[in-house]
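Written below as structure tokens is the structure these notes are about.
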Amino acid sequence: MTLLPGRRALVTGAGSGIGRATCERLAGEGAAVVALDVDADAARAVAGDVGGIALVADVADPAALEAALRAGMEALGGIDILVNNAGVGAVRAFDRYGDEEYGRIVDTSMRATYVATSVVGPAMVAAGSGAVCNVASVSGIRPTRGEAPYSAAKAAVIALTASAALEYGPAVRVNCVSPGVIDTPLTAPLLASDGVRAAIEAGTPLRRVGTAGEVATAIAFLCSDLASYVTGVNLPVDGGSLVPSAQVDGVLAGIVAWERRPRP
Ligand SMILES: NC(=O)c1ccc[n+]([C@@H]2O[C@H](COP(=O)([O-])OP(=O)(O)OC[C@H]3O[C@@H](n4cnc5c(N)ncnc54)[C@H](O)[C@@H]3O)[C@@H](O)[C@H]2O)c1
Numbered sequence: 481m482t483l484l485p486g487r488r489a490l491v492t493g494a495g496s497g498i499g500r501a502t503c504e505r506l507a508g509e510g511a512a513v514v515a516l517d518v519d520a521d522a523a524r525a526v527a528g529d530v531g532g533i534a535l536v537a538d539v540a541d542p543a544a545l546e547a548a549l550r551a552g553m554e555a556l557g558g559i560d561i562l563v564n565n566a567g568v569g570a571v572r573a574f575d576r577y578g579d580e581e582y583g584r585i586v587d588t589s590m591r592a593t594y595v596a597t598s599v600v601g602p603a604m605v606a607a608g609s610g611a612v613c614n615v616a617s618v619s620g621i622r623p624t625r626g627e628a629p630y631s632a633a634k635a636a637v638i639a640l641t642a643s644a645a646l647e648y649g650p651a652v653r654v655n656c657v658s659p660g661v662i663d664t665p666l667t668a669p670l671l672a673s674d675g676v677r678a679a680i681e682a683g684t685p686l687r688r689v690g691t692a693g694e695v696a697t698a699i700a701f702l703c704s705d706l707a708s709y710v711t712g713v714n715l716p717v718d719g720g721s722l723v724p725s726a727q728v729d730g731v732l733a734g735i736v737a738w739e740r741r742p743r744p
């Protein structure tokens with residue numbers, strides 16, 4: 481038995497990492513998939529692998545995104561699932577982002593999520609059902625130094641999730657995942673440093689980085705009937721990295737160890 485038999489899904493940023501894994505998972509669960517990416521070769525490769533349809537568009541361009549979404553809905557004969565996954569980041573001091581880079585980061589995550597949901601949401605409402613899943617980030621909940629535009633854009637994605645859940649319910653459920661550090665081409669340069677990887681693992685209760693497939697599983701759940709009474713939530717998929725407070729975690733470890741001491 482599959483989770484999404486006969487569903488029609490469109491995934492943005494489908495050519496790599498979490499988007500590719502999501503296309504594979506949704507197709508594996510029985511959905512027909514449109515793989516949208518700005519990288520034409522990557523979109524075609526994923527679509528070929530999952531037996532889906534490739535679309536090429538820059539989601540940061542509202543007119544191009546809307547045209548691609550309408551083409552995708554026409555090709556599928558409607559749409560049941562939208563995954564707003566495309567996103568780009570950078571690491572730079574707060575005041576060192578130029579206009580172009582700031583715009584690219586914010587437009588790819590926040591604006592594209594708004595535009596795509598504005599186009600697809602009403603179509604889902606008219607059809608009587610649908611599920612949207614946005615991909616935010618733990619950085620949108622707990623910003624880190626060096627990621628100001630990215631963190632702000634992802635916080636906005638979480639807010640847009642709540643607004644859309646309120647406005648497009650009850651027909652449409654709108655949810656969001658917030659990945660922690662996931663092993664994808666986006667994080668490869670960061671994780672290439674053993675020191676950085678070790679520090680990230682040490683600050684993660686599950687003591688490892690995540691896989692794209694683990695995020696895709698959460699997305700598939702939120703888009704499926706298993707989550708039929710779930711809307712407006714932001715689900716961290718982060719190995720628990722949001723749990724410990726950087727300031728006090730470990731401070732009380734001695735007392736915990738004392739409590740756990742072997743007793744006669
Ligand atoms: N990897 C992580 O640790 C992590 C953590 C938190 C959140 N995220 C988020 O998950 C999402 C996917 O990240 P990933 O790690 O899989 O990245 P990735 O770089 O592996 O893949 C991103 C894909 O999006 C496409 N893309 C980028 N800009 C686009 C645009 N303007 N229009 C259309 N397609 C575009 C790229 O071509 C690429 O195929 C992003 O929104 C990212 O911010 C990732």
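In the working numbering, the protein residues as written are 481 to 744. Just so you know, even glycine gets a beta-carbon here, dropped at the ideal spot from N, CA and C. Treat the numbers as computed from the prediction; the structure is a model and nothing was measured.
Check, Outcome
"Element boundaries [beta strand (DSSP E), containing SER631]", "First-last for SER631: 628-648, but that is the alpha helix (DSSP H), not the beta strand (DSSP E)."
"Contact check, THR593 vs LEU640, beta carbons under 9 Å", "yes"
"ARG500 beta carbon near ligand 1 (any heavy atom closer than 8 Å)", "yes"
"Cβ neighbour criterion (16 or more within 10 Å) applied to GLY493", "buried"
"LEU686 versus SER658, SER721 and LEU671, residue with shortest Cα-Cα distance", "SER721"
"VAL657 vs ILE699 beta-carbon contact at 9 Å", "yes"
"Euclidean distance between Cα positions of VAL615 and ASN564", "6 Å"
"SER589 - containing beta strand (DSSP E), residue span", "Per DSSP, SER589 belongs to no beta strand (DSSP E) and is neither H nor E."
"Any alpha helix (DSSP H) of 4 or more consecutive residues that is wholly inside the region 686-721", "692-703"
"Reference ALA745, options VAL491, ILE533 and GLY569, closest by Cα", "What the structure shows of the chain is the stretch from 481 to 744, and residue 745 is not part of that stretch, so it cannot be assessed."
"Minimum C-alpha distance to LEU545 - residue among ASP529, LEU562, GLY557 and ARG625", "LEU562"
"Segment contact flag, the region 621-631 with the region 574-592, C-beta cutoff 8 Å, min 3 pairs", "yes"
"ASP529 CB to nearest heavy atom of ligand 1 below 8 Å", "no"
"Classification of VAL618 by the beta-carbon crowding that lies within 10 angstroms, buried from 16 upward", "buried"
"Test item: CB-CB of ASP560 and ALA606 under 9 Å", "no"
"Heavy atom of ligand 1 within 8 Å of LEU746 beta-carbon", "The displayed coordinates of the chain run from 481 to 744. Any statement about residue 746 would go beyond what the structure contains."
"THR746, buried or exposed, once every other Cβ within 10 Å from all chains shown has been counted against 16", "Residue 746 is absent from the structure shown; the chain starts at 481 and stops at 744."
"Contact test: PRO758 Cβ vs ligand 1 heavy atom, cutoff 8 Å", "Because residue 758 is not part of the residues shown, which for the chain are 481 to 744, the question remains open."
"C-beta atoms of SER673 and ALA633 nearer than 9 Å", "no"
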